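J.: Each residue of the sequence shown is one higher than the one before, counting from 2 in our numbering. One structure, as structure tokens, below. Some questions next.
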Amino acid sequence: MQDYIKTFKPYFGKTIVEVQIGMGPAGELRYPSYQSAYWNFCGVGEFQSYDKYLLNDLKNLANIQNKPSLYYNPPTNAGSYNSSPNQTCFFNPTCTNNNYASDYGEFYLNWYCERLIKHGEDILSIAHQLFSSEDVSITAKISAIHWLYFTPSHAA
């Protein structure tokens, strides 16, 4: 962001009046996520929580809440980018094996959503610090209601 400010500062307040801060794939803060190169309409996407930092954070929360080891990892039954909800156990309301409505599913989804919110807050906080003295508005992209909103799991 600092290089952007340095390069485009002469245009702020004139040609550039708004700066949109990217926060994820396609610039959006969204759950589950999908990348256009791997995804076809209207798959459920995939959770983006497999790096060592997020895995450690998830495990720590599970330990704090005295959850069993199953809770240390993201769902293994959530399908892939192009799965429909009923092709997965996690997003399928008729599957009772650790789906979205189970204790595990609610624990994971609450943690995941909180991490997304924290990610957005962190990025926008940095942007606010860097752009606060500039003559531009800061915006962010948050996905709207998606095509599977009316399914019980709200997948994608």
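Cβ atoms here follow ideal geometry from the backbone N, Cα and C, with glycine treated the same way. From a predicted model like this one, the values you see are computed outputs, not experimental measurements.
Taking the straight line between their C-alpha atoms, what separation do you get for D104 and L149?
T.: Counting from 1 along the sequence shown, the entry for residue 104 is found at position 103. Counting from 1 along the sequence shown, the entry for residue 149 is found at position 148. So the two alpha carbons sit approximately 22 Å from each other.
J.: Could you spell out where the alpha helix (DSSP H) holding E115 opens and where it closes?
T.: Looking up residue 115 in the sequence shown gives position 114. D104 to F132 is the span of the alpha helix (DSSP H), which, as asked, contains E115.
J.: Three-state secondary structure (DSSP) at F48?
T.: Counting from one through the sequence shown, the residue named residue 48 turns up at place 47. In this structure, F48 counts as coil in the three-state DSSP scheme.
J.: With DSSP collapsed to three states, give me the class of Q3.
T.: Position 2 of the sequence shown, counting from 1, holds the residue named residue 3. Of the three classes helix, strand and coil, the one that applies to Q3 here is helix, per DSSP.
J.: Taking only three categories from DSSP, how would you classify F13?
T.: As a first step, residue 13 is located in the sequence shown; it is residue number 12 there, counting from the start. Three-state DSSP puts F13 in a strand.
J.: Any idea if I143 is buried or exposed, counting beta-carbon neighbours within 10 angstroms, 16 or more meaning buried?
T.: Along the sequence shown, read from residue 1 onward, the residue named residue 143 stands at position 142. Flag for I143 reads exposed.
J.: Would you mind stating whether G14 and D123 have Cβ atoms separated by less than 7 Å?
T.: The residue you call residue 14 lines up with position 13 of the sequence shown. The residue you call residue 123 lines up with position 122 of the sequence shown. Cβ distance not < 7 Å, so G14 and D123 don't count as in contact.
J.: Is the stretch 43-56 touching the stretch 71-89 in the sense that three or more CB pairs, one from each, lie closer than 8 Å?
T.: Segments in contact, yes.
J.: Can you find the residues in the same chain that come closer than 7 Å, C-beta to C-beta, to T89, ignoring five residues on each side of it along the sequence?
T.: The residue labelled residue 89 in the question sits at position 88 within the sequence shown. V45, N78, A79 and G80.
J.: Contact between the stretch 48-62 and the stretch 102-122 is defined here as three or more beta-carbon pairs at a separation below 8 Å; is this criterion met?
T.: Yes, since at least three Cβ pairs between the stretch 48-62 and the stretch 102-122 fall closer than 8 Å, the two stretches touch.
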